[in-house]
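Peer 1: Before anything else, here's the structure in question.
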Amino acid sequence: MDAPERDANFLSNKQDFAYFLSPDNGDNLYQDKIDDMVQTKNNRLIVNLRDINEYDPNLRRNILQNPMEYIPAWEDALKDYIDHRDVGSVEKQRQMLNEYKIGLKGSFGGQRVTPQKLMSQSIGQMVCCEGIVTKVSLVRPKVRETVHFCEATQEFSTQKYRDSTSLVGQQTSSTYPTTDPNGNNLTTEFGLSTFTNHQKIYIQDMPERTEPGSMPQTVECILDQDLVDCVKPGDRVQMIGIYRALSGRRAVGQASGKFHTVILVNNIVKIGIGSFSKSTDQSLSANEIKNIKKMSKKKDIFNILAQ
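Quick note on the working numbering: the sequence shown kicks off at 3 and runs consecutively.
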């Protein structure tokens with residue numbers, strides 16, 4: 003696919019999702035969810051595949067088979083939708099600086115797999131992988147954009163960085179610039195630079211779902227931004243994301259022929275006892291607290307609870 007055709011598909015997918023979010027669609031399913039997301043200063047909108055299927059069944063099938071063509075366009079459409087909202091100037095500036103993400107949930111059909119069933123034909127597709135968390139890395143910062151100051155010219159310059167997990171653009175070099183095009187020294191302003199949270203976790207086949215006589219398999223999952231530090235070893239989870247192969251590097255300027263596969267996660271759902279969705283509201287209402295206090299004053303409260 004050449005560049006003009008790729009740009010045309012990106013614009014078409016962006017316009018299609020913008021219409022899906024807009025009140026002109028008629029369903030108006032996500033306007034309140036977007037309002038809540040902005041008010042709570044979250045940056046991830048969870049979209050149900052059932053709603054996409056009711057809007058366009060072909061779109062649901064395409065997003066599962068070719069998520070790389072749709073997710074970046076949808077995230078761009080979501081940012082434009084939020085940026086054009088009528089809010090205050092300070093809040094408007096904060097919204098325009100934010101980067102918004104799309105997560106999926108719902109029924110994945112044949113894309114619902116376990117680490118043992120993740121094969122090469124799933125590479126590049128959206129998957130829902132169920133397993134138990136066995137290892138969790140530390141949450142580390144990952145640079146997105148650096149700001150550099152030149153004392154000779156008294157000017158600032160910026161440089162953006164993308165790694166192999168980025169959904170758009172080519173991977174960039176990880177080295178910081180030390181001089182400008184004219185040879186003047188640059189000082190990196192770390193306080194003005196932008197970093198994002200980054201974490202790796204590993205999930206394995208659940209013992210109760212592993213086929214007898216087979217070895218449980220492990221898959222690496224990449225978490226970014228708001229998804230980090232929300233699971234711990236021993237949790238049974240559904241990792242929803244893009245199954246992608248990343249190339250390895252043997253040396254500077256040389257690529258290795260060995261690839262390792264990871265899941266670029268866009269949503270996490272806990273399963274089993276005590277499970278809850280990340281977006282579930284766990285707080286008690288004022289009426290519920292009032293009823294709890296009222297029941298606690300009864301002398302036969304133990305008999306009532308035992309019924």
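Just so it is clear, CB atoms sit at the ideal spot from N, CA and C, and this is done for glycine as well.
Which residues in the same chain have their Cβ closer than 6 Å to the Cβ of L225, if we skip the five residues on either side of it in sequence?
Peer 2: On the sequence shown, position 223 is the one that residue 225 refers to. Closer than 6 Å at Cβ, skipping near neighbours: Q201, V267.
Peer 1: Using only alpha-carbon positions, find the residue among K301, K16, R246 that is nearest to I104.
Peer 2: As a first step, residue 104 must be located in the sequence shown, where it is residue number 102. Ranking K301, K16, R246 by Cα distance to I104 puts K16 first.
Peer 1: Alpha carbon to alpha carbon, how far is K295 from N305? Give it in angstroms, no decimals.
Peer 2: Numbered from its first residue, the sequence shown carries residue 305 at position 303. Numbered from its first residue, the sequence shown carries residue 295 at position 293. Distance between the alpha carbons of N305 and K295 is about 16 Å.
Peer 1: Which word fits D207, buried or exposed, when buried means at least 16 other C-beta atoms lie within 10 angstroms of its C-beta?
Peer 2: As a first step, residue 207 is located in the sequence shown; it is residue number 205 there, counting from the start. D207 is buried by the Cβ-count criterion.
Peer 1: Could you name the residues of the same chain whose beta carbon sits closer than 7 Å to that of L307, not counting the 5 residues immediately before and after it, in chain order?
Peer 2: Mapped onto the sequence shown, residue 307 falls at position 305. Counting only Cβ-Cβ distances below 7 Å, and skipping sequence neighbours, we find nothing.
Peer 1: Which of the three DSSP states is assigned to R63 in this structure?
Peer 2: As a first step, residue 63 must be located in the sequence shown, where it is residue number 61. Here R63 sits in helix by DSSP.
Peer 1: Could I get the ranges of all uninterrupted alpha helix (DSSP H) runs contained in the stretch 167–208, with 4 residues as the minimum, in chain order?
Peer 2: Runs of the alpha helix (DSSP H) inside the stretch 167–208: none found.
Peer 1: Hey, out of M297, F12, Q240, whose CA is closest to D78's CA?
Peer 2: Position 76 of the sequence shown, counted from the start, is the residue given in the question as residue 78. For the residues M297, F12, Q240, the minimum Cα distance to D78 belongs to F12.
Peer 1: Apart from the five residues on each side of it in sequence, which residues of its chain come closer than 7 Å, Cβ to Cβ, to K280?
Peer 2: Counted from its first residue, the sequence shown places residue 280 at position 278. Its pLDDT being 43, under 50, K280 is placed unreliably by the model, and nothing is read from it.
Peer 1: According to the neighbour-count rule (16 or more other Cβ atoms, all chains shown, within 10 Å of its Cβ), is D237 buried or exposed?
Peer 2: For this step, residue 237 is matched to residue 235 along the sequence shown. So D237 ends up on the buried side.
Peer 1: So the candidates are R46, K81, H150, I242; which of them puts its Cα closest to the Cα of N186?
Peer 2: The residue given as residue 186 occupies position 184 in the sequence shown. Taking only the C-alpha atoms, the option nearest N186 is H150.
Peer 1: What residue range is occupied by the uninterrupted alpha helix (DSSP H) comprising I224?
Peer 2: Numbered from its first residue, the sequence shown carries residue 224 at position 222. I224 -> not in any alpha helix (DSSP H); beta strand (DSSP E) instead, spanning 220–226.
Peer 1: Apply the 10 Å Cβ neighbour rule to M128 and answer buried if 16 or more other Cβ atoms are within range, or exposed otherwise.
Peer 2: Numbered from its first residue, the sequence shown carries residue 128 at position 126. Classification of M128: buried, given that the 10 Å Cβ count is 16 or more.
Peer 1: Could you tell me the alpha carbon to alpha carbon distance between V135 and M39, rounded to whole angstroms?
Peer 2: Against the sequence shown, residue 135 aligns to sequence position 133. Against the sequence shown, residue 39 aligns to sequence position 37. Their Cα atoms are separated by approximately 28 Å.
Peer 1: Please state whether DSSP places S298 in a helix, a strand or coil.
Peer 2: What you label residue 298 is simply residue 296 of the sequence shown in a count that begins at 1. Helix at S298.
Peer 1: Work out the CA separation of F197 and N100 for me, nearest whole Å.
Peer 2: Here residue 100 is taken as the residue at index 98 of the sequence shown, counted from 1. Here residue 197 is taken as the residue at index 195 of the sequence shown, counted from 1. Using only the alpha carbons, I get a separation of about 12 Å.
Peer 1: Report buried or exposed for F158, applying the criterion of at least 16 other Cβ atoms within 10 angstroms of its Cβ.
Peer 2: Numbered from 1 along the sequence shown, position 156 holds the residue referred to as residue 158. So F158 ends up on the exposed side.
Peer 1: Need the endpoints of the alpha helix (DSSP H) that F110 sits in, please.
Peer 2: Walking along the sequence shown from the start, residue 110 turns up at place 108. Element bounds for F110: n/a, residue is neither H nor E.
Peer 1: Which of helix, strand or coil does DSSP assign to T214?
Peer 2: Position 212 of the sequence shown, counting from 1, holds the residue named residue 214. In the sequence under discussion, the amino acid at residue 214 is Pro, which differs from the Thr named in the question. Coil.
Peer 1: Quick one: Cα of G112 to Cα of I125, how far?
Peer 2: For the purposes of this step, residue 112 is taken as residue 110 along the sequence shown, with counting starting at 1. For the purposes of this step, residue 125 is taken as residue 123 along the sequence shown, with counting starting at 1. About 14 Å.
Peer 1: Identify the continuous beta strand (DSSP E) that holds N50 and give its terminal residues.
Peer 2: Here residue 50 is taken as the residue at index 48 of the sequence shown, counted from 1. Its beta strand (DSSP E) spans residues 46–50.
Peer 1: Since R142 and Y163 are thought to touch, with beta carbons under 8 Å apart, how far apart are those beta carbons, to the nearest angstrom?
Peer 2: As a working mapping, residue 142 is identified with position 140 in the sequence shown. As a working mapping, residue 163 is identified with position 161 in the sequence shown. Contact doesn't hold; Cβ gap of about 14 Å is too wide.
Peer 1: Please determine, among L120, R114, D228, the residue with the shortest C-alpha to C-alpha distance to T42.
Peer 2: Position 40 of the sequence shown, counted from the start, is the residue given in the question as residue 42. Answer by Cα proximity: D228.
Peer 1: If you draw a straight line from the C-alpha of F22 to the C-alpha of K107, how long is it?
Peer 2: Numbered from 1 along the sequence shown, position 20 holds the residue referred to as residue 22. Numbered from 1 along the sequence shown, position 105 holds the residue referred to as residue 107. For F22 and K107, the distance between alpha carbons rounds to 16 Å.
Peer 1: Is it right to say M98 is buried, meaning 16 or more other beta carbons lie within 10 angstroms of its own, or is it exposed?
Peer 2: Here residue 98 refers to the residue found at position 96 of the sequence shown. For M98, the predicted model reports a pLDDT of 49, less than 50, meaning its position is unreliable and no value from the coordinates is stated.
Peer 1: Classify M121 as helix, strand or coil using the three-state DSSP reduction.
Peer 2: Start at 1 with the first residue of the sequence shown, and residue 121 comes out as number 119. In this structure, M121 counts as coil in the three-state DSSP scheme.
Peer 1: Would you report the Cα separation of E290 and S109, rounded to the nearest angstrom?
Peer 2: As a position in the sequence shown, residue 290 is number 288, starting the count at 1. As a position in the sequence shown, residue 109 is number 107, starting the count at 1. Their Cα atoms are separated by approximately 32 Å.
Peer 1: By the three-class DSSP mapping on this structure, what secondary structure does F22 have?
Peer 2: Along the sequence shown, one-based indexing puts residue 22 at 20. Correct three-state label for F22: helix.
Peer 1: Please name the residue, chosen from P179, P218, P183, L188, that lies closest to L120 on a Cα-to-Cα basis.
Peer 2: The count along the sequence shown starts at 1 and reaches residue 120 at position 118. That would be P218, whose Cα lies nearest to the Cα of L120.
Peer 1: Whole angstroms are fine: how far does the CA of Y72 sit from the CA of I65?
Peer 2: Residue mapping note: residue 65 aligns to position 63 of the sequence shown, counting from 1. Residue mapping note: residue 72 aligns to position 70 of the sequence shown, counting from 1. So the two alpha carbons sit approximately 6 Å from each other.
Peer 1: Quick check: what's the CA-CA separation for W76 versus A20?
Peer 2: Reading the sequence shown from its first residue, position 74 is the one you call residue 76. Reading the sequence shown from its first residue, position 18 is the one you call residue 20. If you take the alpha carbons of W76 and A20, they lie about 8 Å apart.
Peer 1: Quick test of your reading: V239 and G133, contact by CB under 8 Å. State the CB separation rounded to the nearest angstrom.
Peer 2: For the purposes of this step, residue 239 is identified with residue 237 of the sequence shown, where counting begins at 1. For the purposes of this step, residue 133 is identified with residue 131 of the sequence shown, where counting begins at 1. With a Cβ gap of about 7 Å, V239 and G133 count as contacting.
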